[in-house]
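This report concerns only the one structure given below.
Structural data, given as structure tokens:
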């Protein structure tokens, strides 16, 4: 994970795939009030289904956007950096980099 401030004073966090998954677990699963989500914290990341990762990412996106921020996925396709607003597949994109941009982090 890398954290910097952009020219407008916003905080920008960037993650590789593994660090983003770890962030999702720490931020949303470990503090979950939903017992189903809470149980996920007790299994290894490899046993968590792609559908659940996508659900977590959607939840994180809604959370970030509700605070005026952005959550964007990036991948390199044919030597070009491509941004994605959401996952358009049933599979978790293992080769993406993730960026969260917000006014502040709590």
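Residue numbers (the UniProt record's numbering): 1 to 106. Note that beta-carbon positions come from the ideal geometry of N, C-alpha and C, so glycine has one too. Owing to the predicted nature of the structure, the values given are computational and were not obtained by experimental measurement.
Looking only at its chain, what residues have a beta carbon closer than 6 angstroms to the beta carbon of residue 72, apart from the 5 residues adjacent to it on each side?
For the purposes of this step, residue 72 is taken as the residue at position 72 of the chain shown. Result list for residue 72: 83 and 99, in chain order.
May I have the straight-line CA-CA distance separating residue 51 from residue 88, to the nearest angstrom?
In the chain shown, residue 51 corresponds to position 51, counting from 1. In the chain shown, residue 88 corresponds to position 88, counting from 1. A direct Cα-to-Cα measurement between residue 51 and residue 88 gives close to 12 angstroms.
Once DSSP output is grouped into helix, strand and coil, what is the label at residue 86?
Against the chain shown, residue 86 aligns to sequence position 86. Three-state DSSP puts residue 86 in coil, outside helix and strand.
Outcome for residue 68 when other beta-carbon atoms lying within 10 angstroms are tallied against a minimum of 16
Your numbering for residue 68 matches position 68 in the chain shown. Classification for residue 68: exposed.
Roughly how many angstroms lie between the CA atoms of residue 47 and residue 12, to the nearest whole one?
By one-based count along the chain shown, residue 47 stands at place 47. By one-based count along the chain shown, residue 12 stands at place 12. In a straight line, the C-alpha of residue 47 is about 29 angstroms away from that of residue 12.
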